[in-house]
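Scroll down for the structure; my scribbles are underneath it.
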Amino acid sequence: MPRTPLSCLALLACALPAAAADPSRIGISVGALDNPFYQALARGAVQAAHRLNPGVRITSQSANFTLGQQQQLLRQLIAQKVDLILLGAVDSNSVAPLVRQARAAGITVVAVDVDAPDVDGTVKSDNHLAGEIVCRYLAQRLRGRGTLMIQGGPPVTSVSDRIAGCHAALAAFPHIRAVDDGLNAQGSSLGGQRAMQQALQRWPDMAAVFTINDRQALGVEKALLAAGREQVLIGSVDGSPDIERALRLPGQIVVSASQSPYLLGREAVKLGVKLRRGDTSVRHVTVPVGLVTRDNLSRYQGWQAAMPGAGQP
């Protein structure tokens, strides 16, 4: 299926006319609404929806990264006969039956942030590139030598893509030893901390850690500090406000690939509206990522920016 870069989509969707097929009810189902990433994503979606239809009704759901809970909440949205579902799956493959059920009921389903089978369209960050640029930066900081541990996360495509990107980058550094912990640190600070405590027993010589999101990175730093391992470098993905604060101070977190969750939510609504109007020329939108370090932090505009920054890959 054709993929369109975000800049082209913006030209197509910036002034969509009103149409009878426009959604009057939208459901948003994401991993956890106490996570600032999903809060910004939902905010972008809500504001875009209200600009297109001031009377639209929106239901936002938090699955707390639990598959069973997300499945139950999706059934509720189907029963409510919403017109459009924005789905941030907590398990990319296991939600497929409910995606098919929703579409059979005439509901347009747009996957946002992560892929999901059988959806009408997808809006996500370039997660492979995110993992690639962060791990390349870490390898360069290590001068091409040492053990770099990759900390896993939830079973979704955004995570697997980031890990694959990391491995792709490290292939150019033959003296970097890449090790995977094989754990699901659940995308949370506590999960990252606990997984790091286990990893320190297995790889006491590690020199750097790549975590799949910023929340896990914060937990990793806590575990390393408690173990007296202040020299281990940490890189992650998101470019969150927490990481902005961490980069303003001395510390072990040195880099994050910046996403734009606000933009993901906004573009998911725009794509869903286009699809409901019968325009299937674009089904997949990839939002670019950037690199945030202490060196370029002053130029980084954060999660509310129209496009991610600050550094280019």
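What the sequence shown shows, in mature numbering (1 follows the signal peptide of the UniProt record, and there is no 0), is residues -20 to -1, 1 to 293, in sequence order. The beta-carbon is built from N, C-alpha and C at its ideal position, and this holds for glycine as well.
Sorted by chain position, which residues of the same chain lie with C-beta nearer than 6 Å to Arg249's C-beta, five sequence neighbours on each side aside?
Position check: residue 249 holds Val in this sequence, whereas Arg was assumed. The answer, listed in chain order, is Ala25, Ala28, Ala29.
Starting from Val159, follow the beta strand (DSSP E) in both directions and report where the run begins and ends.
Looking at the DSSP string, the run of the beta strand (DSSP E) that includes Val159 is 156 to 160.
Would you report the Cα separation of Asp93 and Arg182, rounded to the nearest angstrom?
Each residue's alpha carbon lies about 32 Å from the other.
Would you give the residue range spanned by the beta strand (DSSP E) that Gly167 belongs to?
First-last for Gly167: undefined, no H or E at that position.
Taking DSSP's pairing of strands, which residues face Asp218 in a bridge?
Its beta-bridge partners are Ser238.
Could you pull out every residue in the same chain whose Cβ sits closer than 6 Å to the Cβ of Ala148, ignoring the five residues on either side in sequence?
Once the five neighbours on either side are set aside, the close Cβ partners of Ala148 are Glu112.
Please report the residue range of the beta strand (DSSP E) in which Lys104 lies.
Its beta strand (DSSP E) spans residues 101 to 105.
Quick check: what's the CA-CA separation for Val159 versus Gly132?
Roughly 11 Å between the two C-alpha positions.
Scan the region 226 to 285 and note each continuous beta strand (DSSP E) run of 3 residues or more that stays entirely inside, going in chain order.
The qualifying runs are 233 to 238, 264 to 267, 270 to 273.
Is DSSP giving Val90 helix, strand or coil here?
Strand at Val90.
Would you check if the region 164 to 184 and the region 94 to 110 touch, i.e. whether three or more CB-CB distances between them fall below 8 Å?
Cβ pair count under 8 Å is below three, so no.
For Val75, collect the residues of the same chain with a Cβ closer than 6 Å to its Cβ; drop the 5 residues on either side in sequence, then sort them by chain order.
For Val75, where only same-chain residues beyond five positions count, the Cβ hits under 6 Å are Ala69, Ala96.
Return the chain-ordered list of same chain residues with a C-beta closer than 6 Å to the C-beta of Gly124, the five sequence neighbours on each side being excluded.
Within the same chain, Gly124 has close Cβ partners Phe153, His155.
Pull the bridge partners of Val189 from the DSSP assignment, please.
Answer is Met129, Ile214.
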